[in-house]
Amino acid sequence: MKILGIDTSSPSGSVALLDNDLVVSESLLDNSPAYSDKLLKEVDGVLNRSKTKLNELDGFVITKGPGSFTGLRVGMSLLKGLILAIEKPFVSVNTMDAYAETVKPGPYSICPVLDARKKQVYTALFSSKNNLYIKKTSDQAISAKSLCEQITQPTAFVGNGLEVYKELFSSYLKKNFIHDVPVKNITVAASACLIALRDFKENMSCDLDSLTINYVRPSEAEINYSKVASK
């Protein structure tokens, strides 16, 4: 089964192609003004490097958020176009789950953190046991300090939120902050594919109306609309 995975939940997105549970090609995207153009080129590059044609794919996997509103919309728009082109099914995977499973299991909690701006992070807490990942909290959009208040044991952090809040985490959590994280050598897109493959046939869909984004908090447009509507 050949699956194409797309992650655009952060400025550094990724694309991956899996053949069953083997990652045969993957690529990281950088944050650039032409993000949507870059994404399409990387999809094409991943397929070309693996000598795979688009119509040879069995399906798609995409991270559904939380994460960058703009990035997620770009990814979803591209995916809808690809699905319409070859009429193959898809599975959407929670972004926090995909990030958590890029970290090797160990005697610590796992905490993905993505910069949510407005002095907040998107996050969730996980534990691992017998190579299984267990979600301990729901997805959240909270301040970095509020996140620290939830952590009471050594915790491995991963995600671009570290670029902004690493010093705060280190200062507040001290020995409970693990920043030298033992990670798997895979992209978030590949991680999402591996998660989806466990139950791909049961969870796959061809209904584009079911392809929704997990925003966690309201978008700026929704906030502004609410303000106008309440006047």
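Taking this note's numbering, the leading residue of the sequence shown gets 49, the next gets one more, and so forth.
All residues carry an ideal CB built from backbone N, CA and C; glycine is no exception.
Quantities reported herein were computed from a predicted structural model and do not represent experimental measurements.
Query, Result
"Exposed unless 16 or more other CB atoms sit within 10 angstroms - verdict on residue 143", "buried"
"Residue 57 in three-state terms, based on DSSP", "coil"
"Exposed unless 16 or more other CB atoms sit within 10 angstroms - verdict on residue 118", "exposed"
"When 193, 257, 99, 86 are compared against residue 209, the one with the closest alpha-carbon", "193"
"7 Å Cβ cutoff met for residue 240 and residue 72", "no"
"Rounded separation between residue 212 and residue 180 - CA only", "29 Å"
"Rounded C-alpha distance that separates residue 165 from residue 121", "17 Å"
"Option in 153, 202, 163 with minimal Cα separation from residue 225", "202"
"Sufficient close CB pairs (3 or more, under 8 Å) joining the region 235–249 to the region 53–60", "yes"
"Cβ-Cβ distance between residue 168 and residue 186 below 7 Å", "no"
"C-alpha gap between residue 214 and residue 160, whole angstroms", "12 Å"
"Per-residue burial, residue 78 [other beta carbons within 10 Å of its own, 16 or more giving buried]", "exposed"
"Residue 74 classed as buried or exposed, judged by whether at least 16 other C-beta atoms fall within 10 angstroms", "buried"
"Residue 254 - DSSP class collapsed to helix/strand/coil", "coil"
"At least three beta-carbon pairs within less than 8 Å, the region 122–138 to the region 146–155", "no"
"Outcome for residue 136 when other beta-carbon atoms lying within 10 angstroms are tallied against a minimum of 16", "buried"
"Unbroken stretches of the beta strand (DSSP E), 3 residues or longer, contained in the region 155–195", "157–165, 168–171, 174–177, 180–183, 188–190"
"Backbone secondary structure at residue 143 - three-state DSSP", "helix"
"Other residues of its chain near residue 29: CB distance less than 6 Å, five sequence neighbours each side excluded", "Residue 29 is absent from the model: the chain starts at 49 and stops at 279."
"Closest by C-alpha distance to residue 70, when choosing among 138, 189, 245, 124", "245"
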